[in-house]
Amino acid sequence: MEENCSLSTTTIITANDNKKRTYQKWYSKSYKWLVHEPNKGGFCCICRDYWKSAVPFYSEMNTRTRGVFTTQSFTNWKNAPGNATYDSIATVTELLESTSELIDKQILSKIRESRTISIMADEGTYINHYQNVSICISYCEPTESFISLLKVKVKDKDAQTIFDTIVKELESKNIDMTKISFTGFDDASLFSGEFSGVSAKFHIIEVQESLLTLKSLFNFINRSSIGLARFNDVQTLMKHPQLKLIQPGDTRWLSYSRSINAAIRCYEPLMITTGTYS
């Protein structure tokens, strides 16, 4: 039994030794979480105190673990082989997969609850010559989370295939595509091409047109002394607070929010002002 095993024992079973191991008092001294009940077995005091039915994923995980360490005592050391370790390939792989599954569920739950998200992706060829696409998502906490690493065929290395792969992966995880406000890719034409890149395929024409209209409205009013004076006069006649339009920036999303809010607050004076030019 290796020294780093969490429940190593004082009795080692060999080919000529059929002794069964029993609980040793030093187990609980060395591992404070372990509580031993005579004629029953071992329990995890932390698991029993905190692993309740109100905890997310309780039902699923309780089914998978069969209540071991919580409602079912642990007695496996009685018949465990002397060479048992936790560093076998099968054990490590299963532990990693279980941990990954739990983390995935927690992250995806936050992503689904977020009002808006942005996605980032990149592709590359690893040393094993496999083509891979990695996907990350930023959501409103704000947090950036890695969610997928996908293999793609080299012959299918084009923008449409990668776009379809990303969409299929997000939909398989029940992520609402309409929440995507931004995309982030490298400068390669495959991803960032203006007309046929992956980024262009995520493009939402309605959003672009509305933002262009917002910029045009600001320029129409504020870059003309006559237009600005007329806008202010209309607000005065309507006994409306003297408000100004805010210029939206190309690189700051918050400036669009302020610009939209300003336009909404003085919507009626704006409609009257622009209507005088028709």
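Those letters in the sequence shown? Residues 5 to 282, per this note's numbering, in order. Note that beta-carbon positions come from the ideal geometry of N, C-alpha and C, so glycine has one too.
Proximity of residue i and residue j at Cβ, strictly below 8 Å
i	j	result
I225	F235	yes
I276	V238	yes
L232	K177	no
K114	F167	no
L154	N136	yes
E173	I139	yes
W30	I50	no
K109	S77	no
L247	R227	no
L215	A267	no
E127	V171	no
G46	Y27	yes
Span of the alpha helix (DSSP H) around residue i
i	result
F186	No alpha helix (DSSP H) contains F186, which is instead part of the beta strand (DSSP E) from I184 to G188.
F195	S193 to S196
G231	S229 to L241
Y31	K29 to S34
I107	I93 to E117
Q4	Nothing about residue 4 can be reported from this structure: the residues present for the chain run from 5 to 282 only.
E272	Y271 to G279
K205	V202 to K205
Supposed contact pair residue j and residue i - C-beta distance, whole angstroms, cut 8 Å
i	j	result
S261	G253	Going by Cβ atoms, the distance from S261 to G253 rounds to 11 Å, so no, they are not a contact pair.
Residue i: first and last residue of the uninterrupted beta strand (DSSP E) it sits in
i	result
D126	I121 to T129
Y134	Careful: Y134 lies outside any beta strand (DSSP E) and carries neither H nor E.
F47	G45 to C48
H40	L38 to E41
Nearest neighbour of residue i, chosen from the options [CA to CA]
i	options	result
L106	E64, S203 and T280	E64
Y143	K248, T169, T165 and I179	I179
L194	V171, A125 and C48	A125
S152	Q164, T169 and K33	T169
H40	K161, E117 and T75	T75
Q164	S196, I93 and L274	S196
K243	D53, N223 and E272	E272
E175	R116, R52 and T97	R116
G162	S200, E145 and M181	The sequence shown places Asp at residue 162, not Gly. The shortest Cα separation from D162 among S200, E145 and M181 belongs to S200.
P245	T67, L274 and T278	L274
I230	S57, T278 and D191	T278
M181	D191, D190, H207 and A192	H207
Examine the Cβ distances between the region 104-123 and the region 173-190 and report whether three or more of them are shorter than 8 Å. yes
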